[in-house]
Amino acid sequence: MERDGTKGLTRRDFMKKSAAGLAGVGLASLSMDALFQGNSSMAAQAPSLSLKLEKDPVIRLLRWSGFVKSDEQIWNANTKKWEEATGGKVITEYLSWEDVRAKAAMEASVGAGHDIVLGWFDDPHLYPNKLVDVTDVATYLGKKYGGWYPVCEMYGKDAKTNRWIALPIGSAGICINYRVSWVKEAGYDKVPDDIGGFIKCCQALKAKGHPTGFALGHAVGDANTWTHWWLWSFGGKAVEKDGKTICINSKETLQALDACRELYESMIPGVGSWLDPHNNKAFLSGQISLTANGNSIFYASMKKFPEINKDLMTMNFPVGPVGHPTELSLFSLAFIFKHTPVPNAAKDFLRFMFEKPQYATWESGTWGYVTQTLKAYYDLPAWKKDSRITPYRNCMERMLWNGYAGPLGPASAAAMSEYVIVDMFADVCVMGKTPKAAALSAERKLKRFYR
Amino acid sequence: MHHKSSVTEGQTAGWGRYWGKASIVMQQRGVVGVLFTAPVGIILLLLLAYPFVLGIWLSFTDTIIGRTGTFIGLENYLYLFFDDVFLLTTFNTLLYTIAAVFFKLVFGFGLAVVLNRDFKAKGLVRAIVLLPWIVPTALSTIVFWWIFDTQFSCITWLLMKMGIISSQIDFLGDPNNARASVIAVNVWRGIPFFTIGLMAGLQTINQSLYEAADIDGASPWVKFRRITLPLIMPLLAVITTFSIIWTFADFHLIWIMTRGGPANATHIYGTLSYQRAIPGGHLGEGAAISIFIFPILLICVLLTAKYLRRED
Numbered sequence: 121m122e123r124d125g126t127k128g129l130t131r132r133d134f135m136k137k138s139a140a141g142l143a144g145v146g147l148a149s150l151s152m153d154a155l156f157q158g159n160s161s162m163a164a165q166a167p168s169l170s171l172k173l174e175k176d177p178v179i180r181l182l183r184w185s186g187f188v189k190s191d192e193q194i195w196n197a198n199t200k201k202w203e204e205a206t207g208g209k210v211i212t213e214y215l216s217w218e219d220v221r222a223k224a225a226m227e228a229s230v231g232a233g234h235d236i237v238l239g240w241f242d243d244p245h246l247y248p249n250k251l252v253d254v255t256d257v258a259t260y261l262g263k264k265y266g267g268w269y270p271v272c273e274m275y276g277k278d279a280k281t282n283r284w285i286a287l288p289i290g291s292a293g294i295c296i297n298y299r300v301s302w303v304k305e306a307g308y309d310k311v312p313d314d315i316g317g318f319i320k321c322c323q324a325l326k327a328k329g330h331p332t333g334f335a336l337g338h339a340v341g342d343a344n345t346w347t348h349w350w351l352w353s354f355g356g357k358a359v360e361k362d363g364k365t366i367c368i369n370s371k372e373t374l375q376a377l378d379a380c381r382e383l384y385e386s387m388i389p390g391v392g393s394w395l396d397p398h399n400n401k402a403f404l405s406g407q408i409s410l411t412a413n414g415n416s417i418f419y420a421s422m423k424k425f426p427e428i429n430k431d432l433m434t435m436n437f438p439v440g441p442v443g444h445p446t447e448l449s450l451f452s453l454a455f456i457f458k459h460t461p462v463p464n465a466a467k468d469f470l471r472f473m474f475e476k477p478q479y480a481t482w483e484s485g486t487w488g489y490v491t492q493t494l495k496a497y498y499d500l501p502a503w504k505k506d507s508r509i510t511p512y513r514n515c516m517e518r519m520l521w522n523g524y525a526g527p528l529g530p531a532s533a534a535a536m537s538e539y540v541i542v543d544m545f546a547d548v549c550v551m552g553k554t555p556k557a558a559a560l561s562a563e564r565k566l567k568r569f570y571r
Numbered sequence: 202m203h204h205k206s207s208v209t210e211g212q213t214a215g216w217g218r219y220w221g222k223a224s225i226v227m228q229q230r231g232v233v234g235v236l237f238t239a240p241v242g243i244i245l246l247l248l249l250a251y252p253f254v255l256g257i258w259l260s261f262t263d264t265i266i267g268r269t270g271t272f273i274g275l276e277n278y279l280y281l282f283f284d285d286v287f288l289l290t291t292f293n294t295l296l297y298t299i300a301a302v303f304f305k306l307v308f309g310f311g312l313a314v315v316l317n318r319d320f321k322a323k324g325l326v327r328a329i330v331l332l333p334w335i336v337p338t339a340l341s342t343i344v345f346w347w348i349f350d351t352q353f354s355c356i357t358w359l360l361m362k363m364g365i366i367s368s369q370i371d372f373l374g375d376p377n378n379a380r381a382s383v384i385a386v387n388v389w390r391g392i393p394f395f396t397i398g399l400m401a402g403l404q405t406i407n408q409s410l411y412e413a414a415d416i417d418g419a420s421p422w423v424k425f426r427r428i429t430l431p432l433i434m435p436l437l438a439v440i441t442t443f444s445i446i447w448t449f450a451d452f453h454l455i456w457i458m459t460r461g462g463p464a465n466a467t468h469i470y471g472t473l474s475y476q477r478a479i480p481g482g483h484l485g486e487g488a489a490i491s492i493f494i495f496p497i498l499l500i501c502v503l504l505t506a507k508y509l510r511r512e513d
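Listed in order, the protein sequences are those of chains A and B.
When we follow this note's numbering, the leftmost residue of the first sequence carries the number 121, and every step to the right adds one.
When we follow this note's numbering, the leftmost residue of the second sequence carries the number 202, and every step to the right adds one.
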C-alpha cells in the first residue's frame, strides 16, 4: 500500500515537471492550477518518450540463445516489426548463454563490438562507465507498465549514480517441479510451502523410492539458484549491506548447512556431478520426483513426455525460518554500450521490445519462460495458459539479488562465478566436511573478493 | 634526346651502385637468414610473445573486467599460496598430469610394440588406433560425459544387468571417482599419440640388431631392454614431454565433464584460471594462475632440448 502511495507521488512529480517544461516553451498562459484541477484525462494519459533515431540505423545485438525453441522465433519476428516500423536494421547474434558474459566483457574492454547486449546478473555492474544511461527508457516503461519490481531496480540502476544503466528484460524464473502422484503416495496433497515441512516431504518421497534431485556440481544456473535460496531462507548471507563485512560464518548459515544435510539424504546419488542439464534429464526419465528448475521441464514434457506432463506440478520455493521469500532466478538485462554509433535507435529498439504487443507475444509463445520485470505484465493472459506456469510469474517479486545483502559489482560477480555458496553446500553434503569448516572456507574466499 | 638519355644512364649507374652494395650485404648469410625468417618472427612476436608478455603483466596487476588495473607486484601470487582452492588445484593438476602421462606412456608403448609386429590387416588396425586422437576432443568428451553420467551410465547399466553391482556408480559426483574418470578419458585420448609416434621410431631400428641378439640367444625381454629401449629413448623423451605439456595445460576435457566440480575436486590450472578471469572477471588473478603453468612447461622444454641435442 505504501508503495502505491509513493507511485502516485512520483507520477504527480513527473506531471509537474513536464508541465513546467511545457510552460517554459510558451504555454505559460495556462495556469498550473487549471492544468491539474480535475483534469483526470490528462493524468491518465500514457507517458511518452520521443527519441530522435539516427539515419538508417544498424543495430548489432548480442543475446543468449533460447532455452525454448519459440523464444528465438518470436524475438526475431518482433525485431522485424521494429525494422518495418522504423526502417532500421538489427543484426542479432545468438550465443550460448554462459559465453555472453565473456564476450560482452571483452567488448567493454576494447570499446568495440555489439551495440546492445542481453547479459546476466551483475554484468552491467562490472563496467557501469561503459554503458549508456537508459534512465529515460526505464522511467517511461516503469510509468507505463505499473513500475519495476524492487529487485529489478537493484539490478538495473548503478548504485553510485542512481541512474539506470540496464533494462531488466526478464528472468528465467525458477520454481519447484514435482510429481503429483508420488507426492500423494508419500502422504501429502501438495508439497508444503515451509522449509521444515518441505524437508519432511522430500524424505517421505525418498522413503517411497522416489528421491529428489538438486544440482550440487558447478551448474551455473541450477546449482546457484537453489543453494542461494536455501542459505537466505535461514537468514544466512554472504555479506552485509556495506559490501565489506563478510557474514557468511554465522549461526544462520550453520543451520542452513545442517538442514541441507537432511535434504541431501533425500537426493539421488550423483548430484555432486550435476551440471545444468542433469536435473531435467533425471526428472523427465522418472528418476527423481522433485527438483528446482525453470519452465524447461514443463515445456519439454508438454512436447515429448505427455505422461510426465499430466503428473507435473510446480510451486514457488518454500519459505524458511526468515519468514519471507528468498529466491534467486536467472536474471537477464539489456544494456547499450557507449561505443554504439546509434544510441537512440538502440534505446528505441529496446523500448519497442518491452511494449505490450511485443512483450506479451514473447511471454505467451515461450510459455512464460521469461518472468516479467514490469508489474503490469503480471496479469498477462500468458500466465493463465496452464496452471503449471502460473507460479513463475511470482519469481521477480520473491527474488533477492546475488551478493545479497551487499551491492552488485565485481565482488558479487566473482563470488557467484567461483561457486562459493554452491561449494559450501557441496563441501558439507558431498565432501562430508563439517558445516563450520565449510563456512570458514567460504568466508576466506569471500574476504578475498570483497577486500 | 641526348640530354634525357644521359640522365637515364646516370640513374641506372646509381641503382647499379646501390644494387651492388645490396648484393654484397645479401651475400652475408646472416642478413639473408634474418630476412627470410622475418615473417615467421613477426607472427611469433605478435601472436605468441605479445599475449605472453601481456599475460605476465596482467598477473602483476589487479585488473578486473571493465577496469584497467594498477600494478600490485606479487600480491596475486602471494594470495594464491594461501588459497585453498588454488592449492587443491595444484594437487589436482599434478595428479592429473602424472597419472595420465604415466598410463598413456605404458599403454601407448605397449600398443606400439604389439602393432609393430607383422600381422594381417595391420594397416587397418593401426588406422583404428588413431581414432581417439582424430575425433575432436569436445565431441568425444561429451560421449564420455554420458558414459560417466550417474543416472544414465552405460557402464553402470551393464554391470547392474550382469548382477555385479546393485547401486549406481557415482562417477563424477564423488571427488576421487571424478578424478579417476577425467584421467581415464585423457588417457584414452592420448594413447594414439604415443603409439603412432613410437611405432615410427620402432620401424627405424635396424632388424639386424635383433637377428644378432637372436643368434646370441637373447630373450624377448632382454631384446626389449637392451636394444629397443635404448634406441627409442630420445624419441620417447620428446613424445613424453609433449604429452606432459598438453596434459598440464588441458582445459576443455575438464570444462565439459565437471567444470572443476564436485567442490573443486577436478579443477586444474587451465579451468581455474578461466573461471577466475572470464566468468569471475578477475583478469589479473586468472593470469597469475596460468603463469604457474609456465615453469613446469619450461622445465619440460629444456629437457626436450637436452635430449634433442644429445641425438645430434
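Think of the CB as a built atom: it goes at the ideal place given N, C-alpha and C, for glycine as much as any other residue.
Please state the DSSP three-state secondary structure of residue i.
i, result
"A/Lys-357", "coil"
"A/Met-544", "helix"
"A/Asp-314", "strand"
"A/Pro-288", "strand"
"B/Ile-492", "helix"
"A/Phe-569", "helix"
"A/Ala-557", "helix"
"B/Phe-283", "coil"
"A/Cys-295", "strand"
"A/Glu-174", "coil"
"A/Phe-187", "coil"
"A/Leu-142", "Below a pLDDT of 50, predicted positions are generally treated as unreliable, and A/Leu-142, at 40, falls in that range; the measurement from the model is reported next regardless. Looking at A/Leu-142 - three-state DSSP - the assignment turns out to be helix."
"B/Met-434", "helix"
"A/Ser-149", "A caution first: A/Ser-149 carries a pLDDT of 37, below 50, which makes its placement in the model too unreliable to give a value."
Cα-Cα, which of the options is closest to residue i?
i, options, result
"B/Ile-343", "B/Gly-482, B/Ile-479 and B/Thr-459", "B/Thr-459"
"A/Ser-416", "A/Tyr-260, A/Trp-487 and A/Met-473", "A/Trp-487"
"A/Met-274", "A/Leu-520, A/Ala-534, A/Lys-223 and A/Asn-344", "A/Leu-520"
"A/Leu-246", "A/Ser-190, A/Val-311, A/Asp-309 and A/Ala-534", "A/Ala-534"
"A/Ile-69", "A/Leu-351, A/Pro-477 and A/Gln-407", "No information on residue 69 of chain A is available, as it lies outside the stretch 121 to 571 that chain A covers here."
"A/Thr-434", "A/Glu-447, A/Thr-411 and A/Lys-495", "A/Thr-411"
"A/Gln-478", "A/Ala-502, A/Phe-437, A/Lys-567 and A/Thr-460", "A/Ala-502"
"B/Ala-478", "A/Asn-400, A/Met-226, A/Lys-364 and A/His-338", "A/Met-226"
"A/Cys-295", "A/Ile-179, A/Gly-526, A/Met-516 and A/Pro-555", "A/Met-516"
"A/Asp-396", "A/Ala-358, A/Leu-238, A/His-338 and A/Ala-465", "A/His-338"
"B/Asn-465", "A/Val-442, A/Gly-443 and A/Leu-336", "A/Leu-336"
"A/Tyr-260", "A/Gly-186, A/Lys-467 and A/Ser-353", "A/Lys-467"
"B/Thr-357", "A/Trp-352, A/Ser-421, A/Pro-389 and A/Gly-186", "A/Pro-389"
"A/Lys-209", "A/Ala-197, A/Ser-216 and A/Leu-215", "A/Ala-197"
"B/Pro-496", "B/Tyr-470, B/Tyr-508, B/Pro-480 and B/His-483", "B/Tyr-470"
"B/Leu-503", "B/Thr-442, B/Leu-279, B/Ile-273 and B/His-483", "B/Thr-442"
"B/Leu-373", "B/Ile-348, B/Gly-270 and B/Val-315", "B/Ile-348"
"A/Asp-547", "B/Ala-419, B/Leu-359, B/Asp-285 and B/Thr-405", "B/Asp-285"
Rounded to the nearest angstrom, how far is the Cβ of residue i from that of residue j, given a contact under 8 Å?
i, j, result
"B/Gln-352", "A/Ala-402", "5 Å"
"A/Ile-541", "A/Thr-332", "No, A/Ile-541 and A/Thr-332 are not in contact; Cβ-Cβ is about 19 Å, not under 8 Å."
"B/Ser-260", "B/Ala-489", "4 Å"
"A/Pro-248", "A/Asp-278", "5 Å"
"A/Ser-356", "A/Ile-368", "Residue identity differs from the one stated: residue 356 of chain A is Gly in this sequence, not Ser. Contact flag correct, Cβ pair sits at about 7 Å."
"A/Val-303", "A/Leu-325", "7 Å"
Specify, as a first and last residue, the run of the beta strand (DSSP E) that residue i falls within.
i, result
"A/Cys-367", "Note, A/Cys-367: premise wrong, no beta strand (DSSP E); not H, not E."
"A/Val-210", "209-215"
"A/Asn-413", "410-413"
"A/Met-435", "432-435"
"A/Ser-452", "450-456"
Between which two residues does the alpha helix (DSSP H) holding residue i run?
i, result
"A/Ala-279", "Note, A/Ala-279: premise wrong, no alpha helix (DSSP H); not H, not E."
"B/Arg-230", "230-245"
"B/Phe-394", "376-404"
"B/Leu-325", "323-335"
"A/Ser-421", "416-424"
Kindly provide the ranges of any beta strand (DSSP E) runs that are 3 or more residues long and lie completely inside the region 230-272 of chain A, ordered along the chain. 236-240
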